[in-house]
Amino acid sequence: MSDKNSTCNESNFDHFFKGHAKLLRNFIYYKFGDLDQAEDIVQDAFIKLWNNCKEVPLEKAKSYIYTVANNFAISLTRHQKVKFKYQNYIVSNTSDATNESSPDFVIEEKEFEEKLKKAIAALPDRQREVFLLSRIDKKTYKEIAELSDVSVKAIEKLMHKALSTLRDKIGDI
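Rendered as structure tokens:
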């Protein structure tokens with residue numbers, strides 16, 4: 001591949017960025033509805049293009065950034081959905097426990113919840129996503145694998161690692 005037709009050529013990359021960044025931002029914004037996130041996703045997509053410029057010829061760069069940006073947006077949306085469901089789960093379970101428990105138990109439970117929240121938040125993104133989809137959304141490993149485009153075995157390994165890490169940080173779950 002000649003340097004003249006390469007996305008690694010700074011002049012080509014700059015010209016390509018100026019010609020496609022706004023269109024890509026609008027595409028992501030219209031599809032997912034958040035302008036700030038759309039701008040962040042576009043930046044991430046172009047960074048990924050630059051980091052992989054040797055593998056992506058200029059002729060394929062447009063489809064590459066649209067695919068990358070769309071995948072980033074889908075992943076972000078999936079993560080936000082898991083995070084939202086987890087927060088709702090914690091809120092709904094916390095209010096039930098406080099109405100029915102002794103003050104000592106409530107304090108212990110709140111301390112445990114805080115430990116659990118911190119431990120879950122500290123998990124790597126993929127482990128946290130798999131853990132919350134399994135435990136909060138009650139999805140099977142097969143369903144999680146299909147959502148994540150990985151094998152069931154990979155999901156089992158991620159779940160095992162997540163549970164091991166959580167056990168180490170807060171005791172038996």
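Quick note on numbering: full-length UniProt numbering labels position 100 of the sequence shown as 100, and the sequence is numbered without any gaps. Heads up, the beta-carbon is just placed ideally off N, CA and C, and yes, glycines get one too. Values in this document were obtained by computation on a predicted structure and should not be read as measured data.
Note down, in chain order, each residue of its chain lying with its Cβ closer than 6 angstroms to the Cβ of residue i, except the 5 sequence neighbours on either side.
i	result
A21	V42
Give me, in chain order, the residues of the same chain whose beta-carbon lies closer than 8 angstroms to that of residue i; leave out the 5 immediate sequence neighbours on both sides.
i	result
R78	E129, L147
A162	L123, Q127, R128, V130, F131
Taking only three categories from DSSP, how would you classify residue i?
i	result
S6	strand
Q124	As written in the sequence, residue 124 is Pro, which differs from the Gln given in the question. Here P124 sits in coil by DSSP.
Applying the 10 Å Cβ sphere with the 16-neighbour rule, what's the burial state of residue i?
i	result
S86	As written in the sequence, residue 86 is Tyr, which differs from the Ser given in the question. Buried.
L158	buried
I65	buried
I107	exposed
A61	buried
V91	exposed
T140	exposed
For a test of your reading of the model: does the CB of residue i fall under 6 angstroms from any non-hydrogen atom of the ligand MN? Yes or no.
i	result
D14	In the structure shown, the ligand MN is absent, as is every other ligand, since no ligand is present at all.
From this set, the options, which residue's C-alpha is nearest residue i's C-alpha?
i	options	result
D168	E143, F17, K115	K115
T67	L35, L49, K54, V82	L49
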